[in-house]
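Here the protein sequences line up with chains S and Z, keeping their order. Every letter in the first sequence is one number past the one before it in my numbering, and letter 198, counting from 1, is 198. Every letter in the second sequence is one number past the one before it in my numbering, and letter 315, counting from 1, is 1315. Even glycine gets a Cβ: it sits at the ideal position worked out from N, Cα and C. Just below is one structure, and these are the notes that go with it.
Protein chains: 2
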Amino acid sequence: MDLTCPIPLQNTSHVLLAHGGGGKLMQDLIDKMFAMAFGKSCTSHDAAQLTMPTGELALTTDSYVVQPLFFPGGDIGKLAVYGTVNDLTMAGARPLYLSVGFILEEGLPLETLWRIVISMQQAAQAVGIQIVTGDTKVVERGKGDGIFINTSGVGVIGSGLKIQPKAIAPGDAILVSGDLGRHGIAIMAQREGLAFETTIESDCAPLVNPVQDLLSAGIGVHCLRDVTRGGLAAVLNELAIASGFNMEVIERDIPVREDVRGACEILGFDPLYVANEGRFVAFVPPDQADKSLEILRSHQANAQIIGQVTTPLSPDDIAPVTLKNAFGIARILDRLSGEQLPRIC
Amino acid sequence: MDLTCPIPLQNTSHVLLAHGGGGKLMQDLIDKMFAMAFGKSCTSHDAAQLTMPTGELALTTDSYVVQPLFFPGGDIGKLAVYGTVNDLTMAGARPLYLSVGFILEEGLPLETLWRIVISMQQAAQAVGIQIVTGDTKVVERGKGDGIFINTSGVGVIGSGLKIQPKAIAPGDAILVSGDLGRHGIAIMAQREGLAFETTIESDCAPLVNPVQDLLSAGIGVHCLRDVTRGGLAAVLNELAIASGFNMEVIERDIPVREDVRGACEILGFDPLYVANEGRFVAFVPPDQADKSLEILRSHQANAQIIGQVTTPLSPDDIAPVTLKNAFGIARILDRLSGEQLPRIC
């Protein structure tokens, strides 16, 4: 593939309103940028026509509004591909096809768009998902924020596989696939212009391989969930309520890197509430916990068993997740009302 | 379904940044608005798990940024459902599932969001498509414009059906499914605060039924395309290039209502370049043109045969679409460079 930067397009180096208008300038943008990066087939008709292997279909969507657009360890394009691929993976699906919808702000440098497009192409290639259809809209200066990206993903779920909150059972071991807090801290440090001793890079990464390895090793995975907005606290609370079971996690077993812990202290964040973009929790039967951990550690050395599913929720349980500290004292791990970090993804 | 307005939510009547944060406020928005309108199943997991009938899969995506959000004949929500459903329909697909991604601006009245959500639910119900998964992001005041909506659609294509530009053949009759120009003029009149003698309503409508009727009557449809951004001129030029054939249309046969024609004159627009949201062109074998017209007219009385596909394009043909006026004089129907009407959809 020829990835030479095609700028300027028709004598302009910035996005114009007309790039969203359905005319020649829009066609020029599609031909010279999107078709170049994603392949011609993604741009030729209103809907992509696709073959579908046997199995159930998984469909997911996410919009990405992260600021800044480029950050240590990633950018909005990479995030938009891996984020949606990860949502498919969490349903036990094999990712197949991706749609891309751009909302561009008038005046965005085309060079910025190109960098993002190339990053998306490379991320898609890395996980073997095809970008098959897309859409571009342009809004006036001051009515957007550079670029917003929606990606929707289609995957196929192997027959009989039901990886979902309702499959969570009492006694299930809760594993986390790696250290927590890096994505949120990478973004915040960049946004606030903070420099730490070492640059903290986002954990932004595809989760296809560790999940595929769990499944092909015959682990009876009950549920998977990527630990994104709201962090571990939000995810465990949501799954506790959806499954109908209380959960208990051990504070010292939750992996957080020293530099991330330090940055959290400086910035005033709790790492258990910070977003990640390449980490997930897995719920597996207790007798398969050690084998699962071994598989996860072959991908991320700091994967951990962090707790277990306990008793059924009673109707008036409002705090289903407890956190045990080093002294064995339990406290409630509640969700926050909002988000400590807006526009983290 | 109980469609009582659930506002205020947790003591607020406007969108807060925290509504996009993955915490309790976001869950509240999902539970009280989206689950109420779209059904609980759409909100419970990262990816929707769906059964898929046999056939090829169609996938399409569109973002909607129309201003104003409410206009005569529709609103951004109705547009977001029908627009994407129509893209599936144009590929000959039966629409099945829809994803919805909201990008909300901080401060949007929740009452506005609710009206849009209900409009989406009613539109989805009208065409029998299920909204199965969604996402919500919130951006700061001044970084968006009230609400942007992405919808992605999945449909199934009956076996053997290949409705696409490459199937267009010389001699094909070109039909348009109804009068042109209403959507763009409805938006512009609203935006400019213009009042005409009669209110011109958008043609915003689903195209499933007329297309289904063409197919079940055994019409050998070669290609379908909804006449949206850039109007008839953009669509015919795009299809001429994609198919490799020149096309000729007869000016007086192109249906444009008198009031729309008058409004176009006042506003300085050419109706052939104005966007529609409930009209399509169909390419059918010449011997099936009359039967096709009869079917289209059973849905819209002003459907018309407007022209035909002529000779193969030679490599240096740069103006593949010609328009013949009442005196038989042909002129080039070129595409515009940009769009006369930004943010029309």
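3-residue-minimum beta strand (DSSP E) runs that sit fully inside the segment 56-103 of chain S, ordered along the chain: 56-64
Close Cβ partners of residue 150 (chain S) (< 6 Å) along its chain, the five nearest in sequence each way excluded: Against the first sequence, residue 150 (chain S) aligns to sequence position 150. Hits under 6 Å: 63 and 101.
Burial state of residue 182 (chain S) (16 or more Cβ within 10 Å): As a working note, residue 182 (chain S) is residue 182 in the first sequence. It counts as buried.
Residue 65 (chain S) at chain Z interface by Cβ criterion, 8 Å: Your numbering for residue 65 (chain S) matches position 65 in the first sequence. Answer yes: the Cβ-Cβ gap between residue 65 (chain S) and chain Z drops below 8 Å somewhere.
Residue 51 (chain S): contacting residues in chain Z (beta-carbon distance under 9 Å): Translated into positions along the first sequence, residue 51 (chain S) becomes position 51. In chain order: 1056 and 1057.
CB-CB length for residue 1046 (chain Z) against residue 225 (chain S), believed under 8 Å: Your numbering for residue 1046 (chain Z) matches position 46 in the second sequence. Your numbering for residue 225 (chain S) matches position 225 in the first sequence. With a Cβ gap of about 7 Å, residue 1046 (chain Z) and residue 225 (chain S) count as contacting.
Residue-chain proximity (residue 208 (chain S), chain Z), Cβ-Cβ < 8 Å: Residue 208 (chain S) sits at position 208 when you count from the first residue of the first sequence. So no, residue 208 (chain S) is outside the interface.
Pair within 8 Å by beta-carbon distance, residue 1029 (chain Z) and residue 1014 (chain Z): The sequence position of residue 1029 (chain Z) within the second sequence is 29, counting from 1. The sequence position of residue 1014 (chain Z) within the second sequence is 14, counting from 1. No; because the gap between Cβ atoms is not below 8 Å, this pair is not in contact.
Sub-8 Å separation of residue 1106 (chain Z) and residue 1138 (chain Z) beta-carbons: Taking the second sequence and counting its residues from 1, one reaches residue 1106 (chain Z) at position 106. Taking the second sequence and counting its residues from 1, one reaches residue 1138 (chain Z) at position 138. Yes.
Residue 169 (chain S) versus S:278, S:185 and S:242, residue with shortest Cα-Cα distance: On the first sequence, residue 169 (chain S) is found 169 positions in, with the first residue counted as 1. Nearest option by C-alpha distance: S:242.
Reduced DSSP category for residue 255 (chain S) - H, G, I as helix; E, B as strand; rest coil: Here residue 255 (chain S) refers to the residue found at position 255 of the first sequence. Coil at residue 255 (chain S), not helix or strand.
Span separating the alpha-carbon of residue 58 (chain S) from that of residue 278 (chain S): If you number the first sequence from 1, residue 58 (chain S) lands on position 58. If you number the first sequence from 1, residue 278 (chain S) lands on position 278. Distance between the alpha carbons of residue 58 (chain S) and residue 278 (chain S): 20 Å.
Contact the segment 250-262 of chain S vs the segment 115-134 of chain S: 3+ CB pairs below 8 Å: no
Residue 346 (chain S) to residue 1027 (chain Z) span [Cα, whole Å]: Examination of residue 346 (chain S) is not possible in this model, given that chain S is present from 1 through 345 alone.
Interface flag, residue 1247 (chain Z) vs chain S, CB-CB below 8 Å: Residue mapping note: residue 1247 (chain Z) aligns to position 247 of the second sequence, counting from 1. For residue 1247 (chain Z), the answer is no, since every Cβ of chain S falls outside 8 Å of its Cβ.
Beta-ladder partner(s) of residue 1154 (chain Z), from DSSP: Locating residue 1154 (chain Z) in the second sequence gives position 154, counting from the first residue. In the DSSP output, where bridge partners are listed per residue, residue 1154 (chain Z) has Z:1059 and Z:1097.
Cβ of residue 1328 (chain Z) within 8 Å of any chain S Cβ: One-based indexing of the second sequence puts residue 1328 (chain Z) at position 328. False, the Cβ-Cβ gap to chain S never drops below 8 Å.
Inter-residue Cα distance where the pair is residue 1292 (chain Z) and residue 1252 (chain Z): Walking along the second sequence from the start, residue 1292 (chain Z) turns up at place 292. Walking along the second sequence from the start, residue 1252 (chain Z) turns up at place 252. Whole-angstrom Cα-Cα distance: 20 Å.
Range covered by the beta strand (DSSP E) that runs through residue 231 (chain S): Walking along the first sequence from the start, residue 231 (chain S) turns up at place 231. No beta strand (DSSP E) contains residue 231 (chain S), which is instead part of the alpha helix (DSSP H) from 231-243.
Residues within the segment 1286-1312 of chain Z neighbouring chain S, beta-carbon criterion of under 8 Å: none
Contact set between the segment 186-204 of chain S and chain Z, restricted to residues whose Cβ is under 7 Å from the partner: none
Range covered by the beta strand (DSSP E) that runs through residue 1315 (chain Z): Within the second sequence, residue 1315 (chain Z) is the residue found at index 315, counting from 1. Neither: residue 1315 (chain Z) is in no beta strand (DSSP E) and is coded neither H nor E.
Local Cβ density within 10 Å of residue 1217 (chain Z), reported as buried at 16 or more and exposed below that: To locate residue 1217 (chain Z), count along the second sequence from 1; it is residue 217. Classification of residue 1217 (chain Z): exposed, given that the 10 Å Cβ count is below 16.
Residue 229 (chain S) versus Z:1007, Z:1012, Z:1005 and Z:1023, residue with shortest Cα-Cα distance: For the purposes of this step, residue 229 (chain S) is taken as the residue at position 229 of the first sequence. Answer by Cα proximity: Z:1023.
Rounded C-alpha distance that separates residue 1207 (chain Z) from residue 72 (chain S): Here residue 1207 (chain Z) refers to the residue found at position 207 when the second sequence is read from its first residue. Here residue 72 (chain S) refers to the residue found at position 72 when the first sequence is read from its first residue. Residue 1207 (chain Z) and residue 72 (chain S): Cα-Cα distance of roughly 46 Å.
Under 8 Å by beta carbon: chain S residues contacting residue 1225 (chain Z): Position 225 of the second sequence holds residue 1225 (chain Z). By Cβ distance, chain S contributes 46.
Alpha-carbon spacing of residue 245 (chain S) relative to residue 211 (chain S), whole angstroms: Residue mapping note: residue 245 (chain S) aligns to position 245 of the first sequence, counting from 1. Residue mapping note: residue 211 (chain S) aligns to position 211 of the first sequence, counting from 1. About 23 Å.
Contacting residues, own chain, Cβ-Cβ under 6 Å from residue 323 (chain S) (five flanking each side not counted): Indexing the first sequence from 1 puts residue 323 (chain S) at position 323. So the list reads 249, 251, 331 and 333, once near-sequence residues are dropped.
The segment 1111-1121 of chain Z touching the segment 1085-1093 of chain Z, judged by at least three CB pairs closer than 8 Å: no
Interface residues of chain S facing residue 1132 (chain Z) [CB-CB closer than 9 Å]: Here residue 1132 (chain Z) refers to the residue found at position 132 of the second sequence. In chain order: 59.
Residue 1056 (chain Z) vs residue 50 (chain S) beta-carbon contact at 8 Å: By 1-based counting over the second sequence, the position of residue 1056 (chain Z) is 56. By 1-based counting over the first sequence, the position of residue 50 (chain S) is 50. Yes, they are a contact pair.
Cut-off 7 Å between Cβ atoms - residues of its own chain near residue 189 (chain S), not counting five sequence neighbours on either side: Start at 1 with the first residue of the first sequence, and residue 189 (chain S) comes out as number 189. The residues are 196, 200 and 263.
Endpoints, alpha helix (DSSP H) assigned at residue 1289 (chain Z): In the second sequence, residue 1289 (chain Z) corresponds to position 289, counting from 1. Residue 1289 (chain Z) -> alpha helix (DSSP H) spans 1289-1297.
Partners in chain S for residue 1184 (chain Z), counting only beta-carbon separations shorter than 8 Å: Counting from one through the second sequence, the residue named residue 1184 (chain Z) turns up at place 184. Per Cβ cutoff of 8 Å: no residues; residue 1184 (chain Z) is ~11 Å from chain S at best.
The segment 270-285 of chain S in contact with the segment 310-321 of chain S per 3-pair CB rule at 8 Å: no
Assigned secondary structure, residue 112 (chain S) (DSSP; H/G/I helix, E/B strand, else coil): As a first step, residue 112 (chain S) is located in the first sequence; it is residue number 112 there, counting from the start. Three-state result, residue 112 (chain S): helix.
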